[in-house]
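Taking it in order: structure first as structure tokens, then the write-up.
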Amino acid sequence: MDLEVRQVTNSLKLVRVGLINYYLFDSLLFDCGTTCTALKLIESLDRSIQSIVVSHAHFDHIAGLAVIKSKFPDARVFAHERIAGLVKKDKVIETWNEENREFCNKFGENVDPFNLDFEIENVSTENFPEHLKIIETPGHSPDAISLLNEKEGFMLVADALGYPLSSGKNIPMYFHSFSKYIESIEKIKSLTDKVCLGHNGAIFNSEYCDVAIEEAFKLKDEIQGGLTEEDVFKRIYKEEMTLYPLSTIKAVARLLVKRSLE
10 MDLEVRQVTN
20 SLKLVRVGLI
30 NYYLFDSLLF
40 DCGTTCTALK
50 LIESLDRSIQ
60 SIVVSHAHFD
70 HIAGLAVIKS
80 KFPDARVFAH
90 ERIAGLVKKD
100 KVIETWNEEN
110 REFCNKFGEN
120 VDPFNLDFEI
130 ENVSTENFPE
140 HLKIIETPGH
150 SPDAISLLNE
160 KEGFMLVADA
170 LGYPLSSGKN
180 IPMYFHSFSK
190 YIESIEKIKS
200 LTDKVCLGHN
210 GAIFNSEYCD
220 VAIEEAFKLK
230 DEIQGGLTEE
240 DVFKRIYKEE
250 MTLYPLSTIK
260 AVARLLVKRS
270 LE
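Take any residue in the sequence shown, count from 1 to its spot, add 9: that is its number in the numbering used here.
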């Protein structure tokens with residue numbers, strides 16, 4: 010996996026490991042990626058991590074937490090209150106482990122099973138400096154949060170705006186709710202000038218929100234017009250998406266169809 014380090018603003022650093030974006034703000038780390046990408050992140054770090062923010066409960070944003078926490082055992086972990094309950098469910102951890110293993114194997118990385126048996130605190134703006142705000146951005150996931158830096162005008166949004174392929178194509182990701190997905194994107198656009206996404210080093214001006222909304226409505230209209238689950242799968246299983254477990258992308262297609270027809 011290739012590694013890219015980029016200074017985004019005076020205080021914000023992007024570390025891209027393969028498909029996964031990690032964001033560093035002083036001693037705060039936003040998002041955890043997978044176990045194999047987290048190992049490479051740690052090798053590149055020039056600082057100690059004191060706070061970790063998990064954007065949402067999908068394997069490619071939370072599995073790496075186990076690795077990062079083992080390196081920085083005193084770091085506090087913050088996430089949506091729902092995630093503290095999810096990590097205690099054996100079936101959830103089992104599913105994340107399987108997805109993480111398949112993902113890492115595609116990059117030639119063999120990984121050990123992980124557990125997340127440590128405290129995850131409910132995220133709150135009170136835990137961070139005054140100019141950093143936690144914004145709930147559901148739609149992609151019910152537990153999705155974003156981090157807004159009002160001082161420097163950027164927002165870490167993970168997958169709230171969909172998945173940006175390296176070709177420039179945006180894949181809508183309204184797994185939880187179409188309406189909340191659109192509402193969250195509109196909220197993001199109203200709050201910031203720059204959006205920092207969760208994959209492929211994607212950082213854009215806030216006008217990218219219009220692209221995400223347009224692509225979401227376009228896909229929804231096509232599904233309501235008869236596009237099938239298999240059609241959706243064939244459309245999205247391309248480029249970087251082929252590096253994810255096949256079962257994961259099939260589940261993505263199923264959820265996109267389901268949410269479009271609700």
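All residues carry an ideal CB built from backbone N, CA and C; glycine is no exception.
Just so we're clear, the structure is a prediction, and the values are computed from it rather than from any experiment.
First through last residue of the alpha helix (DSSP H) which encompasses residue i
i, result
"residue 14", "Note, residue 14: premise wrong, no alpha helix (DSSP H); beta strand (DSSP E) at 12–16."
"residue 142", "Looking at the DSSP string, residue 142 is not in any alpha helix (DSSP H); the run it does join, the beta strand (DSSP E), is 141–145."
"residue 114", "99–114"
"residue 220", "217–233"
"residue 92", "90–95"
"residue 187", "187–200"
"residue 49", "44–53"
"residue 74", "74–80"
Straight-line gap, residue i to residue j (C-alpha atoms, nearest Å)
i, j, result
"residue 205", "residue 245", "22 angstroms"
"residue 230", "residue 159", "35 angstroms"
"residue 61", "residue 270", "36 angstroms"
"residue 13", "residue 144", "27 angstroms"
"residue 249", "residue 28", "8 angstroms"
"residue 111", "residue 253", "7 angstroms"
"residue 240", "residue 171", "19 angstroms"
"residue 218", "residue 146", "13 angstroms"
"residue 70", "residue 20", "22 angstroms"
"residue 59", "residue 260", "35 angstroms"
"residue 242", "residue 122", "28 angstroms"
"residue 32", "residue 237", "36 angstroms"
"residue 168", "residue 16", "21 angstroms"
"residue 257", "residue 107", "10 angstroms"
Beta strand (DSSP E) segment containing residue i, residue limits
i, result
"residue 66", "That residue, residue 66, is in no beta strand (DSSP E); it is neither H nor E in DSSP."
"residue 30", "29–34"
"residue 158", "154–158"
"residue 167", "163–167"
"residue 84", "First-last for residue 84: undefined, no H or E at that position."
"residue 214", "212–214"
"residue 3", "Because residue 3 is not part of the residues shown, which for the chain are 10 to 271, the question remains open."
"residue 9", "Because the chain in this structure spans residues 10 to 271, residue 9 falls outside the shown range and cannot be described."
Under 8 angstroms between C-beta atoms of residue i and residue j
i, j, result
"residue 80", "residue 51", "yes"
"residue 43", "residue 73", "yes"
"residue 190", "residue 140", "no"
"residue 78", "residue 39", "no"
"residue 181", "residue 228", "yes"
"residue 165", "residue 155", "yes"
"residue 130", "residue 86", "yes"
"residue 124", "residue 92", "no"
"residue 120", "residue 45", "yes"
"residue 152", "residue 262", "no"
"residue 162", "residue 99", "no"
"residue 76", "residue 47", "yes"
"residue 68", "residue 109", "yes"
"residue 157", "residue 200", "yes"
"residue 196", "residue 215", "no"
Contact test: residue i Cβ vs the ligand MG heavy atom, cutoff 7 angstroms
i, result
"residue 34", "No copy of the ligand MG appears in this structure; indeed no ligand is present at all."
From the options, residue whose alpha carbon lies closest to that of residue i
i, options, result
"residue 222", "127, 254, 178 and 259", "178"
"residue 49", "35, 30, 176 and 211", "30"
"residue 88", "113, 100 and 137", "137"
"residue 36", "55, 26, 18 and 25", "55"
"residue 10", "16, 99 and 26", "26"
"residue 268", "185, 203, 251 and 214", "185"
"residue 194", "224, 208 and 210", "224"
"residue 90", "213, 133, 235 and 247", "133"
"residue 64", "208, 255 and 192", "208"
TODO: Taking only runs that begin and end inside the segment 238–262, name each unbroken alpha helix (DSSP H) of 4 or more residues, in chain order.
DONE: 238–245
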